[in-house]
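Trainee:
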Amino acid sequence: MNAWILTGFGLNIAMIMMAVAWAIARRVGNAGCLDVAAAGGFALLACFYASVSSGDFVRKWLLTGMVTIWSLRLAALLLVEIIRTHPQEPRRYLPLRENFPKRPWLMLLAFSQYLAALVATILALSGLSTL
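Numbered as in this note's numbering, the sequence shown ends at 131 without a single skipped number.
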């Protein structure tokens with residue numbers, strides 16, 4: 001597969017993952033779940049790209065391992081922080097809620113899709129999808 005097709009698949013995976021995270025965040029009532037999903041999304045996409053792309057086996061899985069460890073560590077730290085401070089959301093979501101007072105969860109859905117595109121684009125530009 002070429003890099004564009006892999007990037008498209010990666011973007012679809014990230015968008016579905018972030019939509020599920022948004023549904024969980026809405027159910028729990030804490031938008032901080034989106035941060036955890038975005039951080040963990042790097043691990044998911046890195047493993048996807050490594051498993052379907054061609055390239056040197058050792059090199060691609062070494063890079064995938066490093067990205068996965070970093071990603072899961074960050075996701076775990078964010079999850080612990082959210083659990084510790086629940087039901088209070090991270091302060092960075094306050095401006096989003098203030099700017100969209102009638103439908104904040106709709107804005108957070110759009111924000112989650114933005115995060116999905118960001119995660120997929122970062123990994124695609126880093127070359128992990130073409131190893």
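Note that beta-carbon positions come from the ideal geometry of N, C-alpha and C, so glycine has one too.
DSSP three-state call for residue 129: helix, strand or coil?
Mentor: In the sequence shown, the residue the question calls residue 129 occupies position 129. Note that residue 129 scores 49 on pLDDT, short of 50, meaning its location in the model is unreliable and no value can be drawn from it.
Trainee: If residue 25 and residue 34 are in contact, beta carbons under 8 Å, what's the gap, nearest whole angstrom?
Mentor: Start at 1 with the first residue of the sequence shown, and residue 25 comes out as number 25. Start at 1 with the first residue of the sequence shown, and residue 34 comes out as number 34. 6 Å between Cβ atoms; contact.
Trainee: Identify, in the order they occur along the chain, each residue of the same chain with its Cβ nearer than 8 Å to the Cβ of residue 87, setting aside the five sequence neighbours on each side.
Mentor: Stepping through the sequence shown from its first residue, residue 87 is reached at position 87. Correct list, in chain order: 29 and 30.
Trainee: Going straight from the alpha carbon of residue 122 to that of residue 23, what length do you get?
Mentor: Numbered from 1 along the sequence shown, position 122 holds the residue referred to as residue 122. Numbered from 1 along the sequence shown, position 23 holds the residue referred to as residue 23. When rounded, the distance between both Cα atoms is 24 Å.
Trainee: Starting from residue 87 and walking both ways along the alpha helix (DSSP H), at which residues does that stretch end?
Mentor: Translated into the one-based positions of the sequence shown, residue 87 becomes position 87. Taken as a continuous stretch (DSSP letters only), residue 87 belongs to no alpha helix (DSSP H), as it is neither H nor E.
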